[in-house]
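Below is one structure, written out as structure tokens; the observations come after it.
This is the structure we're talking about:
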């Protein structure tokens, strides 16, 4: 483990990864400005993994998991946290080496720490997507999900994209050697301007949002929002604006997560809601493909859906 | 003669797939060689997380030349026939031989270079490799026709002797180069051939032989445990898994805070083994030790200190979670937890889990009140949970219990048995269902018999698992399984083919094991469900060496829903039919049944030849007609001696068999039937059934019917093979 003083702050961890992946030819995007459960939902991954065009991108994505909220009392669980997402299409032949290079860049020496690729296949029922890959272990801790997408929105990925998802807080806790996420150094002191901790930035947010997610959110409104988003998504698909439709699919997905946190969705209803969200996501993917298909086929002779 | 080396380098192969993949490679390779007429002296296969390798020792440089001879048309045949033959063989007429007026062609097939055979075989094997799950990747995946492999294929080494076997699969070209350990030797290394493969890789921190890696892990883990004053809890599956995750395995020992040991040991073991793939240790007293052994894939520059520290931290976080769950769960009594079961759907047509619990509780009580499960169901020596290897069983908590107490305890245990499903711990570790309920029940101070029943009520979960014998546990376990079976059969959700989503086969097997182990006497089921039990019983008894046709023979009598009685009958039958008397009686019976069947057929029923030979005979009308006929013509003729002897034997055997069956003495019934064997043989030897005189014929048919009926008191012999 790196020396405490020498270890990266949370923001430097992000900056280092940006710098590293930018140099590998990735476009460094900003987070998507909507509430999502994981970095995969960003259209830069979901929609861009469809079609034949090469695409290489990296970005931070705030991820909201309302049911994981613990009112700021659990040192390891948050309802809002950050994922670092890399997507490379087609998957480069040396993607594993590139990934290991990123670990070295953030200070993890693979001759000091035990890095392992442990089988873990990925599936997202709400996105109609699956892939094969690993969870990457560092000294017994899962630090990254590494996946070769095989299908997205129910469509075969042609070509296959490689996806890396780093859990930033967990990685930072490891690098900084702290036991509570709230103790992470967000940045370092500069002169008389003091360092700020992760807790300084987010503890109040966790407390209040946990309360809202679990206790306050008006479930009648949530149900209405879900129906509205669903209707808007379908209308946008019909109107030929799949990117707008996909936004609404994301919205419906997040509202569903909130309804789950409020405990108002029964076990039977749950499957039906997941099916509705999947239909929206798949419908948006389908519309996106249809909109671009002719252009893709023209630009990439031999490519077919 | 030379050796062939093949290495397929790829990204990390899932540990659980490696052993099978290694076997498949050797098998497919041997098959391909055999097709070309080649055979290696010996095949050695290796597998690591990043490579599948194979060495074929002692392959000839060429396949054998073969000379094949074809016979053609006669020399006198028309010209077209000869032309056709020449086309087929690819020869000219002057190359044919004339042997006594017939053309013969001799085609010499030269041997092929083995290198060429190999260059064809390897791509074919790779393209058709039976991975349980495979994927596409990279540039080639722009089409779905691209090569599929378990993870991206990165390199091929194929060397025959010292010569490269030139192979290209999807842009991956064979060569002499491979990679060493991912971190210790990231650069390319050059392999000379089969002879230096394992050695060169070892020098680059890769042990290619999985068995050697397993041995290293096992030996080192044991030594580390011993150095720390502990003992390794052996776990071969975990050894294999860790050998499948490492090319250079380095076991390391770490410790955790002994305060975590207040959590049940099963929870700690699961956390270590399943989540972290660590080995578990025990101390001198046999209790879990506050230590773990992880298996790293590197010789760390600091000797492993950072790795141990990191793993220790991850483990501490997980154990803290587990302890938190344990403490939270203990605060809520199981009876409170059980109320939450009303929120969980058991099945959309069968209500909630709470509904199921209510049915099970009533059934468990009923089983006791009806005297099916009794306080004395088992002898004290058997009490608890029976298992073949179990030592020193304790006195049962139920000793001296009244039926009323037992009924109360059974109902209480049944009402709490599923409560742990809503605890935090079981939410996290579903495989601890039952076990955690048992712990929480004991923590609450509930009676041991209740806690034991909650803990063990899922048992047995398969052949070989311990079968409950403690009365409270028996009542709850049996009621739970019977309810599941009756409920799903009630809504017509029966297993079909390989589909058994509600594990009904396992439930039925569990019932059979509990009922037979504890000698429980009651009608287990009726209708379809009883047939289902019959099928399960056949499968289960087959493993115990019982013939399924004998089980059929007893079930075919109909109405037998007491599994204990049924098995006693089957057992007696099996002993009997393997004796001389039994085999001969069976032969005599079949002869009688065939004659009767023919008779019934001639009486106007259409026959397809597929019928049960005795089906018509069980028709009361036919039997009655024969009986009436017999009464109408009593002793109208002089009986032949063998005929009279058979009547006398039947007169004597029938009441004996009846009495024995009533007493459930099936051996006795068989002995009684055995006395019929000689008279039947004599009867068929000297008496003509199909006599010219109608009254003789009728009387003799009636006699055959008596044999048939007598035998059917024990089993439907027509179902018995042989």
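Protein chains in written order, with full-length UniProt numbering: chain A, 1 to 305; chain B, 1 to 722. Glycine included, C-beta positions come from ideal geometry on N, C-alpha and C.
Pairwise C-alpha distance: residue j and residue i
i: residue 409 of chain B; j: residue 582 of chain B; result: 48 Å
i: residue 94 of chain B; j: residue 81 of chain B; result: 16 Å
i: residue 265 of chain A; j: residue 61 of chain A; result: 27 Å
i: residue 569 of chain B; j: residue 690 of chain B; result: 35 Å
i: residue 14 of chain B; j: residue 444 of chain B; result: 43 Å
i: residue 334 of chain B; j: residue 340 of chain B; result: 10 Å
i: residue 537 of chain B; j: residue 656 of chain B; result: 29 Å
i: residue 195 of chain A; j: residue 185 of chain A; result: 7 Å
i: residue 289 of chain A; j: residue 77 of chain A; result: 37 Å
i: residue 79 of chain B; j: residue 86 of chain B; result: 11 Å
i: residue 32 of chain A; j: residue 216 of chain A; result: 26 Å
i: residue 612 of chain B; j: residue 531 of chain B; result: With a pLDDT of 47 at residue 612 of chain B, under the threshold of 50, the modelled position of this residue cannot be trusted, and the question is left open.
i: residue 214 of chain B; j: residue 134 of chain B; result: 26 Å
i: residue 654 of chain B; j: residue 368 of chain B; result: 37 Å
i: residue 556 of chain B; j: residue 261 of chain B; result: 57 Å
i: residue 250 of chain A; j: residue 509 of chain B; result: 47 Å
i: residue 183 of chain B; j: residue 40 of chain B; result: 35 Å
i: residue 19 of chain B; j: residue 256 of chain B; result: 33 Å
Residue j beta carbon less than 9 Å from that of residue i
i: residue 669 of chain B; j: residue 549 of chain B; result: no
i: residue 512 of chain B; j: residue 533 of chain B; result: yes
i: residue 92 of chain A; j: residue 22 of chain A; result: no
i: residue 51 of chain B; j: residue 10 of chain B; result: yes
i: residue 714 of chain B; j: residue 661 of chain B; result: yes
i: residue 437 of chain B; j: residue 465 of chain B; result: no
i: residue 359 of chain B; j: residue 411 of chain B; result: no
i: residue 284 of chain A; j: residue 191 of chain A; result: no
i: residue 1 of chain B; j: residue 37 of chain B; result: no
i: residue 171 of chain A; j: residue 150 of chain A; result: no
i: residue 435 of chain B; j: residue 264 of chain B; result: yes
i: residue 53 of chain A; j: residue 296 of chain A; result: yes
i: residue 174 of chain A; j: residue 310 of chain B; result: yes
i: residue 25 of chain B; j: residue 8 of chain B; result: yes
i: residue 471 of chain B; j: residue 449 of chain B; result: yes
i: residue 210 of chain A; j: residue 37 of chain A; result: no
Any C-beta of chain B under 9 Å from that of residue i
i: residue 113 of chain A; result: yes
i: residue 303 of chain A; result: yes
i: residue 127 of chain A; result: no
i: residue 71 of chain A; result: no
i: residue 182 of chain A; result: no
i: residue 90 of chain A; result: yes
i: residue 291 of chain A; result: no
One or two residues paired with residue i in a DSSP bridge
i: residue 165 of chain A; result: A:85 and A:145
i: residue 533 of chain B; result: BP columns for residue 533 of chain B are empty, so no partner.
i: residue 80 of chain A; result: A:64
i: residue 282 of chain B; result: B:231 and B:288
i: residue 163 of chain B; result: B:160
i: residue 177 of chain B; result: B:190
i: residue 518 of chain B; result: Paired residue(s): none; residue 518 of chain B is not in a bridge.
i: residue 55 of chain A; result: A:89
i: residue 70 of chain B; result: B:105
i: residue 35 of chain B; result: According to DSSP, residue 35 of chain B bridges with nothing at all.
Minimum Cβ-Cβ distance from residue i to chain A less than 9 Å
i: residue 89 of chain B; result: no
i: residue 246 of chain B; result: yes
i: residue 195 of chain B; result: no
i: residue 366 of chain B; result: no
i: residue 135 of chain B; result: yes
i: residue 276 of chain B; result: yes
CB-CB length for residue i against residue j, believed under 8 Å
i: residue 708 of chain B; j: residue 572 of chain B; result: Incorrect: roughly 19 Å between the Cβ atoms, too far for contact.
i: residue 345 of chain B; j: residue 297 of chain B; result: Not confirmed; about 44 Å, so no contact.
i: residue 207 of chain A; j: residue 71 of chain A; result: 5 Å
i: residue 294 of chain B; j: residue 254 of chain B; result: 7 Å
i: residue 157 of chain B; j: residue 119 of chain B; result: That belief does not hold up - the Cβ atoms of residue 157 of chain B and residue 119 of chain B are roughly 14 Å apart, past 8 Å.
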